[in-house]
Amino acid sequence: MNKIELLNPPELVRRFNWRDRYETKVAQWLTPWDGEESVEIGFIGIPLSKTSISLSGASMTPNALRELFSAVTTYSIDHDVDLQQLSAKDMGDIQMHVTDLLQCHANIEQGLTNVYRALPHLFPIIAGGDHSITCPSVKAFKKRFQGKVGIVQIDSHMDVRNLEDGGPTNGTPIRGLIESDTVEGKHIAQIGIHSFANSKPYRDYAVSKGITQFTARQVVVKELNLLWNKQWR
Ligand SMILES: [Mn+2]
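In my numbering, the protein residues as written are 9 to 241.
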């Protein structure tokens with residue numbers, strides 16, 4: 009078995025032993041990577057929540073998702089697609105440091121870089137963790153592709169807080185990516201930004217950097233207009 013530095017095997021493995029021959033549960037498809045098999049899609053957990061400004065249980069998310077692997081199937085009726093044709097594996101979790109948050113971020117960037125080096129064609133699906141993990145994750149992704157990277161962010165917050173007042177936190181990942189020249193503002197779209205959840209100086213910063221923003225209200229109004237035109241006219 010090939011050990012990738014800073015990547016631990018999944019902490020939780022959810023099995024589903026009974027099998028209907030015509031149905032596959034995610035637990036029967038998205039199984040732990042054995043360190044050898046070729047793999048197209050990798051589920052990677054980053055169990056970090058201490059970088060959150062407010063109390064957070066986000067570090068429990070990777071395992072909470074793994075719990076659900078036995079409850080859901082690989083088939084989408086909406087898109088008539090069965091994902092089991094893709095080779096996907098649970099790669100495990102990036103190693104966190106217990107107390108050193110900057111070390112956690114360094115581990116994320118280096119650990120993902122190690123993963124991409126070992127498996128250059130892997131398409132990663134990364135499960136945080138609080139939103140601070142986006143900054144080191146995207147830095148590693150950009151290093152791998154050497155090209156321009158864009159972000160579609162679905163969030164009530166802009167996450168462009170200054171880095172001097174206690175960063176890097178879950179409020180700073182977009183700022184960190186812009187200030188480190190990893191991602192250009194014009195390649196970032198934020199959808200769902202809420203009123204009374206952000207400040208005017210950060211709205212001005214986002215606009216000055218060319219970030220495209222759609223508020224939650226704009227999304228709802230647009231959705232209602234679509235529904236109105238479709239169903240009631
Ligand atoms: Mn966020």
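In this text, a Cβ means the ideal position worked out from N, Cα and C, and glycines have one as well.
>> Tell me the rounded alpha-carbon separation between R263 and N25.
In response: Because residue 263 is not part of the residues shown, which for the chain are 9 to 241, the question remains open.
> What residue from R27, V191, T107, F149 has the CA that sits closest to G119's CA?
Replying inline: Among R27, V191, T107, F149, the Cα nearest to that of G119 is on F149.
>> ligand 1 and D6: does the residue's C-beta get closer than 8 Å to at least one heavy atom of that ligand?
In response: With the chain covering 9 to 241 only, the question about residue 6 has no answer from this structure.
> Would the segment 60-72 and the segment 123-131 be scored as touching if the rule is three or more Cβ pairs under 8 Å?
Replying inline: Because the criterion of three Cβ pairs below 8 Å is not met, the segment 60-72 and the segment 123-131 do not touch.
> How long is the line joining the alpha carbons of F153 and L130, rounded to whole angstroms?
Replying inline: Rounded to the nearest angstrom, the two C-alpha atoms are 12 Å apart.
>> Between P176 and H113, how many whole angstroms is the CB-CB distance? I'm expecting something under 8 Å.
In response: That pair is a contact at about 6 Å.
> V89: which of K217, N178, T32, C143 sits nearest, CA to CA?
Replying inline: When only C-alpha atoms are compared, the closest one is T32.
> Closest to T39 by CA distance: which of L14, I61, E75 is it?
Replying inline: The shortest Cα separation from T39 among L14, I61, E75 belongs to E75.
> Which whole-angstrom value is the C-beta distance of H139 and D167, which I expect to be below 8 Å?
Replying inline: The beta-carbon separation of H139 and D167, rounded to 6 Å, stays under the 8 Å limit for a contact.
>> Rounded to whole angstroms, what is the Cα-Cα separation between K217 and D173?
In response: One C-alpha to the other measures close to 20 Å.
> Are three or more beta carbon pairs between the segment 155-165 and the segment 194-211 nearer than 8 Å?
Replying inline: Segments in contact, yes.
>> Is it buried or exposed, P55, if we count other Cβ atoms within 10 angstroms and call 16 or more buried?
In response: Classified as buried, P55 has 16 or more neighbouring CB atoms from the shown chains inside 10 Å of its CB.
> Within 10 angstroms of its Cβ, does T107 collect 16 or more other Cβ (buried), or is it exposed?
Replying inline: With fewer than 16 Cβ atoms within 10 Å of its Cβ, T107 is classed as exposed.
>> For ligand 1, is there any heavy atom lying closer than 8 Å to the beta carbon of P176?
In response: P176 Cβ: outside cutoff for every heavy atom of ligand 1.
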